[in-house]
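Reviewing the structure listed below.
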Amino acid sequence: MTDDISQVRGTGRALLERGAARWWWALLVAGLVWFVIGWLVLRADYTSLATVGVLVGIVFLIAAVSEGALAAVVTGGWKVWHLALAALFVLGAIWAFVRPVDTFFALASMLGLLLFIQGFFYITEAFVMRDASPYWWLGLTSGGLLVLLALWISTSDRVWTLATRSAFILLWVGFMAVFRGIRDIALAFELRRVGQQAEARLEEAEAPFVPAQERRTAAEAPHARQP
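Per our numbering, numbering of the sequence shown is gapless, rising by one per residue and ending at 237.
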């Protein structure tokens, strides 16, 4: 009976994984979009503080949509985490659109801390996914680069002018987009791999089902016939 229940649960889980894996291409497209955004931002040369604040709001809004999409394909604690991040990005985007200049000065005053927190999160997520995904090292590399950038910015903070701060805020937004692109593409291929494994399990489950009790009875029958 226990074996039968485990088999049914395994089939149900495989169906859920296969259903979620159908959207792996959406993460791949999102990753490519993030690369385009990063390229555009890193090439930008904005001098208006309000323009920089609005640009940050646009990136936050796109990040909220991305986190909401991730929440739709994961379960458990990860779902809650991505929904919470989506809500925070929405609030940040609203504030950036309403008070773009204040957004600029807030980011300028705590840019190093934000980079460090983001890098620490990427590193932690990479180690959590180490046994589940062969692409975990991408998150580790991205997180390490963000931490190094945060340390460099923190040690150079006193010698920066306002124009330099504006340039580095754009640098942060651009690199955040690039690193999110790397992360989303890695998640896309991981989701595709999980879907392929679920498909293989479902094909095995489609074989004629024999209850565990009948399997044991059939196995014991030859021994019972022996004198």
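Virtual Cβ for every residue (Gly too), placed ideally from N, Cα, C.
Note that the structure is predicted; figures quoted are calculated from it, not measured.
Per DSSP, T151 is one residue of the alpha helix (DSSP H) stretching across W146 to T165. When C-alpha distances from I104 are compared across K89, G67, A96 and G154, the shortest belongs to G67. Straight-line spacing of the CA atoms in A74 and F99 works out to 5 Å.
Between the stretch 126 to 135 and the stretch 149 to 160 there are three or more inter-stretch CB-CB distances shorter than 8 Å, so the stretches are counted as touching. Per DSSP, the unbroken alpha helix (DSSP H) holding V46 starts and ends at W34 to R53.
For A82, the enclosing alpha helix (DSSP H) starts and ends at L59 to V83. Across the structure, A198 and G87 are spaced so that their CA atoms are roughly 19 Å apart. Counting only residues of its own chain and dropping the five nearest sequence neighbours on each side, I163 has a CB closer than 7 Å to the CB of L121, G122, L125 and F178. A distance below 6 Å between beta-carbons, with the five flanking residues on each side excluded, links G48 to the following residues of its chain, in chain order: G184, A187 and V188.
For a cut-off of 8 Å, the C-beta gap from L37 to L201 is around 6 Å, short enough to register as a contact. Across the structure, F70 and G102 are spaced so that their CA atoms are roughly 7 Å apart. Assigned with DSSP and collapsed to three states, D141 falls in coil, not helix or strand.
Residue S176 holds the alpha-carbon nearest to the alpha-carbon of A60 among S176, L181 and W182. In this structure, DSSP gives R203 a helical state, which the three-state scheme calls helix.
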